[in-house]
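*Asks:* If you use the UniProt record's numbering, the sequence shown corresponds to residues 1 to 180, in order. The C-beta atom is built at its ideal place from N, Cα and C for all residues, glycine as well. This structure is in structure tokens; I'll ask about it shortly.
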Amino acid sequence: MPRTQNNRSKDAVALLTADHDKVKQLFREYERLQNIGDISLKADLALQICMELEIHTMIEEEIFYPAVRSETGDEKMVQEAIQEHAEAKELIAHIQGMSGDDPDLDSTMAMLRKAIEHHVTEEEQEMFPQARQGGADLTALCEQLADRKEQLEHDMGARPLRSGTREAVGERSAIGKADS
1 MPRTQNNRSK DAVALLTADH DKVKQLFREY ERLQNIGDIS LKADLALQIC MELEIHTMIE
61 EEIFYPAVRS ETGDEKMVQE AIQEHAEAKE LIAHIQGMSG DDPDLDSTMA MLRKAIEHHV
121 TEEEQEMFPQ ARQGGADLTA LCEQLADRKE QLEHDMGARP LRSGTREAVG ERSAIGKADS
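What follows is the structure in structure tokens.
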């Protein structure tokens, strides 16, 4: 999906916060699908959430965290965030190997959601304020993050989901909302 001009006017913290908001919304949608029992859409959405998180963790680890470490000198904070990513990556790998009717999918997704919510809270309350106070050019950093994110989305977008493309999940999910 091409980046909009609006994304170019953001700073790095705003871009990452928007990613957090998107994943929170996807988890809410997963919960809705879980409640209505749509196994196929739920499986596709689980994979979309995993892909979004993979991209987000990569751009943070490759670009944002090194900049934060350089500006703040807070190695402990950055290492804690990287450790939280490692835990999430283990859950993501497990989810990616599951089918939609796997009895452990919902509980594993719930564990991932809880881990991500904890991580997001720490980033938004601790790391992001420090990044804003540091001397980094957050607008230029946003450009780097957005460019890398776009590249990863393109590369990873080629991976088909279980029952169609990434876009089909959104379309089918919207249809499901209209039907409910």
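Between the alpha carbons of residue 44 and residue 61, how many angstroms are there, rounded?
*Replies:* Going by the C-alpha atoms only, they are around 26 Å apart.
*Asks:* Compare the C-beta of residue 16 with all C-beta atoms of chain C and state if any pair is closer than 8 Å.
*Replies:* No chain C appears in the structure shown, which is made up of a single protein chain.
*Asks:* Leaving out five residues on either side along the sequence, give the residues of the same chain with a beta carbon under 7 Å from the beta carbon of residue 15.
*Replies:* If we look at residue 15 and ignore the five residues flanking it on each side, its Cβ neighbours are 7, 142, 145, 146.
*Asks:* Determine the direct distance from the alpha carbon of residue 72 to that of residue 52, and round the result to whole angstroms.
*Replies:* Answer to the nearest angstrom: the Cα atoms are 27 Å apart.
*Asks:* Is it true that the segment 122-142 meets the segment 89-109, where meeting means three or more beta-carbon pairs spaced less than 8 Å apart?
*Replies:* Contact fails: fewer than three Cβ-Cβ distances are below 8 Å.
*Asks:* In its own chain, which residues sit with a C-beta less than 7 Å from the C-beta of residue 139, not counting the 5 before and 5 after it?
*Replies:* Taken in chain order, the residues that qualify are 11.
*Asks:* Are residue 49 and residue 26 closer than 8 Å when you measure CB to CB?
*Replies:* Yes; because the gap between Cβ atoms is below 8 Å, this pair is in contact.
*Asks:* Taking residue 114 as the reference, which of 13, 151, 24, 69 has the closest Cα?
*Replies:* Checked all of 13, 151, 24, 69; the closest Cα to residue 114 is 24.
*Asks:* Alpha carbon to alpha carbon, how far is residue 75 from residue 63?
*Replies:* Each residue's Cα considered, the two are about 15 Å apart.
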